[in-house]
Every structure is written in structure tokens, then in C-alpha cells.
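In my numbering, the protein residues as written are 288 to 503. Below is one structure; the comments refer to it alone.
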Ligand code: ZN
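Encoded structure:
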């Protein structure tokens, strides 16, 4: 049994299980795939979940597939479509995230959110959002909670909050119960990929300002 040793491991386990079952939204799926790409620690755990799922499928009493050979032939004959160049790591962006963005960090559109905090919004919708944050070394973010789930994957540097210390490849999961003030480690700027499943609900004195800056 592979143990997940990180803080809030229940939430992280749920995320990994969702990934294995293929039920995550595209940004969350990308976040977990990127985590597994950088950091092999949870790979065996996910593979175990995936094989469990395969066994579940295999244990279902079989019903013969009509025209089995013809169906298989049709699947193998189907055009593969445009084969896109396999994205590669660029030192900061792991391949799955690079593929999701379709560009490098130089080409995303950065906006200053606070002194020392830049955000590149990748997706924003009713259900949540996906952004890359660039936080200057030692900078502390305003205190906030979340209405839904916030998963943050560290791409460079490190940050810490009351739940733990997160470095490249680590995922921090925060939800309604967490009121946190993340702070970038002092030795290097911190770059993160953050996915929220609902808009942030800010609790600190800067709440209104942030909301205005964020445009909601
Ligand atoms: Zn947060």
C-alpha cells in the first residue's frame, strides 16, 4: 500500500482517485498529470487505483459483442487524426501543463494582482478557474477561504501555509474549511498552477480590493 504523506492527504487522495477514474475537469486533470510527471511519489498509488478499476470492469459478467471483429477492425482503421507534436518539459512547465497551455510562460498574458503577485488566467467559468501565479520570493498572499476546492501545484520555488510546506511537484489542496495566507519561500520566486472549482471567497481586509482587481 502506497501512503500519501502530504498534509490534507484525504483531499489529495480524492483528487488522485478522480484522476484514475477519469472524472476530473480538464484543468484538474492537467494539474494531477503534471504532479505525477514531476514527482513519482504517487504514481504507483494511481496505477493501483487504475488497475483496480480495470479489474472491476473485467469482473463484470461478459456479454458477447455483436460483430466483434468488424468493430475492432473499424477502431483500428479509423484515422488517427492530426498527430500533434508531443509537448516537452521546459524546466518549469511539465509536459502535460505545457500541452494544456499550448505555449510557454513567456507567451501567457500576465496581469499584476498585487505588488509582487502576477496572475495569468487560463480559464474562467461558472464552475471554477485555472491560473498560473507568479509570486515574488517572500511575498505573502491575503488571507482567504474557498467556496469550493482549490488545488495548487508548485512549479518553481516553494510556498507554505498553516497546512504545510510545498515545493516543486507538490499539490496543496484547500477547501471551505481552510482559511489560509500562503507565503512564497524567501529564496526564490514561486510559480504555481492553481485550479479552483468555485470563485474564491476572500476574508482578509484586502478582500474588496482583490475582487475589484480580479474583476468580480
Ligand atoms: Zn487559497
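Built from N, CA and C at the ideal position, the CB exists for glycine as well. Small disclaimer: the values here were computed from a predicted structure and weren't measured.
Neighbourhood of residue i by C-beta, 8 Å cutoff - its chain only, sequence neighbours within 5 removed
i           : result
residue 369 : Because residue 369 sits at a pLDDT of 49, beneath the cut-off of 50, its placement in the model cannot be relied upon, and the point is left open.
Nonlocal neighbours in the same chain, by C-beta distance under 6 Å from residue i, ignoring five residues either side
i           : result
residue 437 : 461 and 483
residue 297 : none
residue 387 : 317
residue 406 : 398, 400, 418 and 420
residue 457 : 441
Spatially closest choice to residue i from the options, by CA coordinates
i           : options               : result
residue 332 : 310, 313, 302 and 314 : 302
residue 433 : 463, 330 and 458      : 463
residue 443 : 319, 408, 423 and 315 : 423
residue 329 : 466, 299, 410 and 314 : 299
residue 455 : 480, 427 and 412      : 480
residue 233 : 459, 385, 475 and 430 : There is simply no residue 233 to check, as the chain begins at 288 and stops at 503 in what is shown.
residue 314 : 393, 425, 385 and 465 : 385
Cβ-based neighbour list, residue i, same chain, cut-off 7 Å, excluding 5 preceding and 5 following
i           : result
residue 445 : 452, 453, 454, 472 and 477
residue 410 : 314, 416 and 417
- Segments assigned alpha helix (DSSP H), at least 4 residues, entirely inside the stretch 417 to 447: Within the stretch 417 to 447, no run of alpha helix (DSSP H) at least 4 residues long lies entirely inside it.
Under a criterion of Cβ closer than 5 Å to any non-hydrogen atom of the ligand ZN, which residues qualify, in chain order? Those residues are 437 and 461, given in chain order.
Original post:
Is there contact between the stretch 446 to 453 and the stretch 392 to 402, where contact requires at least three CB pairs shorter than 8 Å?
Top reply: Verdict: no, contact absent.
Exercise. Counting pairs of beta carbons, one from the stretch 376 to 395 and one from the stretch 321 to 335, are three or more of them closer than 8 Å?
Worked result: The stretch 321 to 335 and the stretch 376 to 395 touch, with three or more beta-carbon pairs separated by less than 8 Å.
Uninterrupted alpha helix (DSSP H) stretches inside the stretch 295 to 338 (no shorter than 4 residues): With a minimum length of 4 residues, the continuous alpha helix (DSSP H) runs that stay inside the stretch 295 to 338 are 296 to 308 and 313 to 325.
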